[in-house]
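Student:
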Amino acid sequence: MKPAPFVYYCPASLEEALELLAEHEEAKPLAGGQSLIPAMNFRLAAPAALVDLNRIAALAGDTGMENGGLRLGAMTRHSTLEKSRLVAERAPLLAETMPFIAHPQIRSRGTVGGSLAHADPAAELPAVMVALQATLVLQSAKAERRMPAEQFFSGLFATALEPGELLTAIELPALPARAGCAFEELARRHGDYALVGVAAVLSLDSRGRCEQARIVLLSVGDGPTLAAGAAAALAGLEPSAEAIRGAAEHAAATDIDPPSDIHASAAYRRQLARVLTRRALIRAAELARTASGIAER
Amino acid sequence: MAGRYVGERVLRLEDARLLTGRALFVDDLQLPGLLHVAFLRSDEAHARITRIDATAARSRPGVLAAYTATDLGDYWRPGPLLVPPPPIAGLVFHTATQVPLARDKVRHVGEPLAMVVAESRYLAEDALEDIVVELDPLPAVTDLEAALLEPASLVHEQFGSNLAAHVQQRKGDYAAARAAAHRVIARRFHYDRGAAAAIENRGVVAQWDARVEELTVWDTTQAPIPIRNGLAALLGLRESQVRVIAPFIGGGFGPKIMMYYPEEVLVPWAAMRLGRPVKWIEDRRENFYATTQERAQIHDAELAVSIDGKILGVRDKFLHDTGAYDPYGLTVPINTQCTLLGPYVVPHYDSEFTAVFTNKPIVTPVRGAGRQHGVFVMERLLDFAARELGIDRVEIRRRNYIQPDAFPYDHEILFQDFRPLVYDSGNYPAALEKAVELIGYDGFVKQEQPRLRREGRHVGLGIVSYIEGTGIGPYEGARVTVEPSGSVRLATGVGTQGQGHFTTFAQIVAEVLGVEVGCVQVSTGDTREFTWGTGTFASRGAVVAGSACHAAALKVREKILGLAAPLLGVPPAELVLEAGSVHVRDAPEQGMRLGELARKANPLRGAVTPGTEPGLEATAYFGPDRGNAASGVHAMLVEVDAETAAVRIKRYVVVHDCGTIINPMVVEAQVQGGVAHGIGNAFFEQLSFDENGQLMNASFMDYLLPTALDVPSVEMAHIETPSPLNPLGTKGVGEAGAIPTGAAFAQAIEDALAGSGVEITEIPLSPNRLFELLEAARGAP
Amino acid sequence: MIVEGTYPLPGTPDVIWNLLMDPEVLVKAMPGTKELVRTAPDRYEGVMRIGIGPITAAEFELVILLTDMKEPHSYAMQIDGKGRAGFTRGTASVELSPDGAGSMMHYSADLQVGGKIAAVGQRLLDSVSKLMTRQGLEALNRELQSRLGGAAV
Amino acid sequence: MNGQHTVGVTVNGTSYQRSVEPRLLLSDFLRHELGLTGTHVGCEHGVCGACTVLLDGAAVRSCLVFAVQTDGRAVTTVEGLGGEAQLHPLQQAFHEAHALQCGFCTPGFLLSLLPFLREHPDPSEHEIREALSGNLCRCTGYANIVTAVQRFVAQSAPQAGARVSGAAR
């Protein structure tokens, strides 16, 4: 299982990388390589050229933003995010999700930008970014664009990235006040692809009613799936056990059209969506209540 | 006797080389001019080869050769039948063995079509893409029942059907027993197994030295000696011209005993033709097709019981998937047939099986080797009988055990070693009581489970017993030599795959010769070091090779006493061997270092009494009259999340009886590792073939080996009922942990979901499958 | 792997029938197919390259045979794709029934996938087949729209 | 041959200079180019963990890194831990707890554990098992590997205080 030959470029700057990608449209970017290299070893992928982004220091690192949000360089390793105090403070959902991604040896190479650009429907980070309403910064040799994560994912392993364009940064807004987040996933073994996963962000109004619910499921279709029905079912209501059960029912019954594979049938995925959405919302609601000093209902 | 070693927790002598990465595995070999191999394998499960052309591959820079079947000339031939069918009346057996490179037809996905030899594995894989292959697909034979009843095609046309074998063994008169029964429990069971998936894939390196006309082959085999004999015959060489070395092996678990794999036949042939050393290392995807595996059986079984739960008789008809070829004979289904009887008195038994050819990779033994299937059928039937008769599941087992005073116990049918299935010794009730105590059966059933159920939690207990036929012949040998340095050299023919043989064999010899265990230097798996023997499989290493080491050490001991007596002026009976020397009992100063005696035993001058042999060396062989029967009980506690159908193992208990224990640390680790393998097979692993014979999960991403979070630490207890069949009294343990795990899982999960109507008659299970069973039981649409 | 469904198309069955026979149109219904040549009245040959996520080296030599043609109502196809990454093989059938000014196409396909893509990509086969079917139908619809210059149905 | 790249890498403290094809995997480079065969290969798609080495102190799958990517960096393999005469304390703990059988996966476990134990000087059993879950073993059933780690933690507890302060790399 050895990869096919390829031409290797290793630019030291983002500009040089973008020029190379513009010049060689057959070239693919190489970030952490934890999804691309297995596919190359299986020879299911055989890019003619690779542009290695690992020497571009400017693309890595997590920095706080004035608005209380968080800016992540696309080449920031999963292991860095996992240990970052800044991420733990400003994006607890992201911090909670990192240990679910594969294993430490993969997380020491895998990058947040690589995971988002790869857009595997069973990957955790796309769903988290949509739940957190992240803004993605895309750059090509000619221009820079910014777009909400929701628009970035356009289908099975498909994103808005144009040829010669790179995802360079991810900007997370500060969490709204009185917000609570939770991530739930069921995988056959710790670190495996999730059979179903749920990223939930719940914010309450001053009277403890649901102001906004962002519920995003993974591994239930072509990409991160926003459970609009479930969110609507909670809008304006106190997130009681009953309301949450109703929302979870929506998520499972109407918001998704899950695929089948050897590990889980569509029917089983719907059941998992129902249970995991409920469990995530219960935890998110609890955290939202404590964040807004409301006693447990 | 100083320094008792047998029975002690001696730390392993082979660890340092493994821990530091110095230990040599086959792929670690670096030889000047080494060439590398890649195989083009069939994507089709069943197809005629209409065209294959490797010309383009040969012209690629860095490629030295590209062979197809036609290039092999008369070297191309089907492999030998390794294990002939046992001599059972009325037995039908169709021999169809694998070929080095497919010619005319491919019969399973991954069957080799062409072999490329190049300067690097990277270049060899590039060249595979130059080879032109046209396959005309045929309907794939994959469903066992359809393969016999209305076959869409025949795997081997010459037999006129897909029947590979039909065997029936009977004891007593089942029909009479059935007529007299209070209740007959009948079910259909489906038991599937999986890949051995050792972390080291297979590999072969061969080097032909034209000057001395000698072939050296390094092979990840569990049986280097038969490989040497077979290769010598195939290549027209004398056995003395061929040396096969099984260096350190990264786990065997069965398939590395299978021979002669196409790669084992072709790599030495290519090395001789090209005059350069050649290396082939199997990659993980290849391992799922090119290495043998174990798969499903479908059982229609009946248990006839009396009103008080006594077994009157068992009838079992099953289909066995043998894959595209059957070079390994009927070892697996015969093991199933025999092991089903378990530790129980079964007065009347009628067992009939049909082995079926399918368009899937070859089936040969994987840790447990068919015993799992048999134990599952019997233990499940007993569970259903207990429920229908209102008898406690422990009690129904207790009532049917063969009692400790009933040995040797003859089941009156033939075992895989062609010898009658006779259990040598055992104490089954003792193991059951110990397991009941360790798992806390009574307290759990009476207090804890009811309490948990009231809290809405689904916790269940499974407790099952099993027999494992171990230590079968034919034989093994060993040579012990005391060298002038005082160190002891031990050579034996079996290969080792991590079972600790370097230490356990050294313990046996060190104890007999009264030397430090550390100064016994063990060599295994090198046909130049020891030229006679069979191999490591069927949990026989410690029993058969261990006994040979013991016999050889005793012979050397006699020589030492015989030589030292006149030198020390005392009769041999007054001498003892202790701390590396031989001396008068209770007078250590009146003695001599063994090394010095060894030097004296090989004089340069003077004369020796006629007939005395030089040196302190002896060779001995051991061949048991028949296999012996290890046994035990597994008990486990599981919790099922009824919403997600996820299952968590809370506790796992094993009470095991493998006779005299040479090294408890090694035995316990074998049981713990076996249980992990059993948990994998029962709940995580499954070779998912589709109806066209395509394997849908040929990678470790979707073929799920259990990890450290999936396997609990097993709580263990030992019962030592020595075996009368060898001087050490030992029995095998290598496969015990993996055998009854499926049966324990089924009972425990069914117990956890009691009241849901779920009845489990299949393995493996998974959350997805449990969800389907729960939905079906609820009568969901 | 079974894929089936119905899809509205512009133009009546007899108009669409001939267009569906045109390799330039048929190629649109097979995403990733670079070119499709009609080598006989009922036989097409071409090259299909699947580029989904990590899988970029899955190239197939495609052969399509049309059988039991019942103009303009229905016909069947035998599909055979072979490549280094594996193969796909099977049958498909197309039925056209009048539906107002246009037609309703009922399609069904029973495709077997084998080799490396099936062994490693199994997790994605269900989603990939749904995606390719959707892309194929939408592309076919657009092609027919432009050919017929008809109003969007 | 397509472009060769020169790689200057320090492995176990020794610096090497080689010219390699960009597609050469780090696992093959270490084993066959440098002859450091203690790193083993079990799957080449990043799951079994047998090929784990340290790259600038972080545990990585050497089958999922190209050798060219390690230019100017430092790699640690099992050969860098300790010789047979003087085993590394973790190797000694594996020996004493019978935490290996065939030993093929053992180097991968050792290299995976070093950074984990640097960052978790006193881990719970669950944390140990989670850290081990990225390495597959078919022989041991993991129990003795967990015991070995606990033995190592207990033995290095006195210096654990010192280790923690020095570990903040």
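Chains as they are written, first to last, in this note's numbering: chain P, 5 to 301; chain G, 9 to 789; chain V, 240 to 392; chain A, 321 to 489. C-beta atoms are modelled at their ideal positions from N, C-alpha and C, and glycine is treated no differently.
Report the CB separation of Q249 (chain G) from L223 (chain G) in whole angstroms; it is logged as a contact under 8 Å.
Tutor: Right, the Cβ-Cβ distance comes to about 6 Å (below 8 Å), so this counts as a contact.
Student: Just to make sure I have the definition right: I need the residues of chain G whose C-beta is within less than 7 Å of the C-beta of Y12 (chain P). Which are they?
Tutor: None at all; the shortest Cβ gap to chain G is about 14 Å.
Student: From the DSSP secondary-structure annotation, give me the bridge partner or partners of A173 (chain P).
Tutor: Bridge partners of A173 (chain P): P:G77 and P:V141.
Student: Note down, in chain order, each residue of its chain lying with its Cβ closer than 8 Å to the Cβ of G366 (chain A), except the 5 sequence neighbours on either side.
Tutor: Closer than 8 Å at the Cβ level, and outside the excluded window around G366 (chain A), lie R381, C383 and L384.
Student: Taking C-alpha atoms, which residue in P:L22, P:P180, P:L57 and P:A162 lies nearest to E215 (chain P)?
Tutor: Nearest C-alpha to E215 (chain P): P:P180.
Student: Among G:A188, G:G260, G:V273 and G:E208, which residue has its Cα nearest to the Cα of V225 (chain G)?
Tutor: Checked all of G:A188, G:G260, G:V273 and G:E208; the closest Cα to V225 (chain G) is G:V273.
Student: Report buried or exposed for E93 (chain P), applying the criterion of at least 16 other Cβ atoms within 10 angstroms of its Cβ.
Tutor: When all chains shown are included, E93 (chain P) counts as exposed.
Student: Taking DSSP's pairing of strands, which residues face V496 (chain G) in a bridge?
Tutor: DSSP output for V496 (chain G) lists G:V490 and G:V528 as bridge partner(s).
Student: Determine, for Y130 (chain G), whether the minimum Cβ-Cβ distance to residues of chain A falls below 8 Å.
Tutor: Yes, because at least one Cβ of chain A sits closer than 8 Å to the Cβ of Y130 (chain G).
Student: For I241 (chain V), count neighbouring C-beta atoms within 10 Å of its own C-beta (all shown protein chains included) and say buried if the count is 16 or more, exposed if not.
Tutor: When all chains shown are included, I241 (chain V) counts as exposed.
Student: Could you tell me which of G:P234, G:Q176, G:R115 and G:R66 sits nearest to T91 (chain G), measuring between CA atoms?
Tutor: One detail in the question is off: residue 91 (chain G) reads as Val in this sequence, not Thr. Of the candidates G:P234, G:Q176, G:R115 and G:R66, the one whose C-alpha sits nearest the C-alpha of V91 (chain G) is G:P234.
Student: Using a Cβ distance threshold of 8 Å, determine whether the region 299-307 of chain G contacts the region 201-209 of chain G, with at least three qualifying pairs required.
Tutor: These segments touch.
Student: Is there at least one Cβ from chain P nearer than 8 Å to Q389 (chain A)'s Cβ?
Tutor: Answer yes: the Cβ-Cβ gap between Q389 (chain A) and chain P drops below 8 Å somewhere.
Student: Closest Cβ-Cβ distance between N303 (chain P) and chain A: below 8 Å?
Tutor: No statement about residue 303 (chain P) is possible, as the shown extent of chain P runs from 5 to 301 and does not include it.
Student: With a threshold of 6 Å on Cβ separation, who are the neighbours of T500 (chain G) within its own chain once the five nearest residues in sequence on each side are excluded?
Tutor: Answer for T500 (chain G): A486, T532, F538 and A553, listed in chain order.
Student: Closer than 7 Å by beta-carbon distance: list the chain P residues that pair up with G366 (chain A), in chain order.
Tutor: Within 7 Å Cβ-Cβ: Q38, P42 and I110.
Student: If you measure beta-carbon to beta-carbon, which residues of the region 682-710 of chain G are closer than 9 Å to chain V?
Tutor: Taking 9 Å as the Cβ-Cβ cut-off against chain V, the residues of the region 682-710 of chain G that qualify are S696, D698, E699, N700, G701, Q702, L703, M704, N705, A706, S707, M709 and D710.
Student: Just checking my contact of L26 (chain G) with A77 (chain G) at CB under 8 Å: how many whole Å lie between their CB atoms?
Tutor: Actually they do not touch by this definition, with Cβ atoms about 40 Å apart.
Student: Below 6 Å CB to CB, which residues in the same chain sit around H381 (chain G) once its five sequence neighbours on both sides are set aside?
Tutor: These residues qualify, in order along the chain: Y199, Q305 and T344.
Student: Can you tell me which of the three DSSP states A234 (chain P) falls into?
Tutor: In this structure, A234 (chain P) counts as helix in the three-state DSSP scheme.
Student: Do the region 646-655 of chain G and the region 502-511 of chain G make contact, defined as three or more Cβ pairs closer than 8 Å?
Tutor: The region 646-655 of chain G vs the region 502-511 of chain G: no contact.
Student: Taking H446 (chain A) as part of the alpha helix (DSSP H), name the residues at either end of that continuous run.
Tutor: Run containing H446 (chain A): E445 to L452, per the alpha helix (DSSP H) assignment.
Student: So that I know if they touch, is there some Cβ in chain G lying closer than 8 Å to that of A391 (chain V)?
Tutor: Its pLDDT being 48, under 50, A391 (chain V) is placed unreliably in this model, and the value from its coordinates should be taken loosely. Output row for A391 (chain V): interface = no.
Student: Pull up the DSSP beta-bridge partners for D418 (chain G), would you.
Tutor: According to DSSP, D418 (chain G) bridges with G:V430.
Student: Using three-state DSSP, classify K287 (chain G) as helix, strand or coil.
Tutor: DSSP places K287 (chain G) in strand when its eight states are reduced to three.
Student: What residues match up with R659 (chain G) in a beta bridge as DSSP calls it?
Tutor: Answer is G:L645.
Student: Shorter than 8 Å from the beta carbon of E359 (chain V) to some beta carbon of chain G?
Tutor: Note that residue 359 (chain V) is Val in the sequence shown here, rather than Glu. Cβ-Cβ to chain G under 8 Å: yes for V359 (chain V).
Student: DSSP three-state label for F156 (chain P), please.
Tutor: Three-state DSSP puts F156 (chain P) in a helix.
Student: Could you tell me which of G:A762, G:V592, G:A637 and G:Q694 sits nearest to N734 (chain G), measuring between CA atoms?
Tutor: Checked all of G:A762, G:V592, G:A637 and G:Q694; the closest Cα to N734 (chain G) is G:A637.
Student: If we ignore side chains and look at the alpha-carbon of each, how far apart do R489 (chain A) and F513 (chain G) end up?
Tutor: Below a pLDDT of 50, predicted positions are generally treated as unreliable, and R489 (chain A), at 34, falls in that range; the measurement from the model is reported next regardless. Roughly 46 Å separates the two Cα atoms.
Student: Would you check if there are 3 or more beta carbon pairs closer than 8 Å linking the region 258-273 of chain P to the region 169-187 of chain P?
Tutor: Flag = no, the region 258-273 of chain P and the region 169-187 of chain P do not touch.
Student: Can you tell me which of the three DSSP states G292 (chain V) falls into?
Tutor: Residue state, collapsed to three classes: coil.
Student: For A279 (chain A), tell me which candidate among A:R351, A:Q475, A:T359 and A:N464 has the shortest Cα-Cα distance.
Tutor: No answer is possible for residue 279 (chain A): the residues shown for chain A start at 321 and end at 489.
Student: Relative to the C-alpha of E519 (chain G), which candidate in G:V71, G:L736, G:R292 and G:G623 has its C-alpha closest?
Tutor: Of G:V71, G:L736, G:R292 and G:G623, the residue nearest in Cα terms is G:L736.
Student: Would you mind telling me which residues of chain P sit closer than 7 Å to N776 (chain G), beta carbon to beta carbon, in chain order?
Tutor: What N776 (chain G) touches in chain P: H267, A268, S269 and Y272.
Student: Going by beta carbon distance, what residues of the same chain come within less than 6 Å of M9 (chain G), once the five residues before and after it are set aside?
Tutor: Note that M9 (chain G) has pLDDT 41, beneath the 50 cutoff, so the model's placement of it is unreliable and no number is given.
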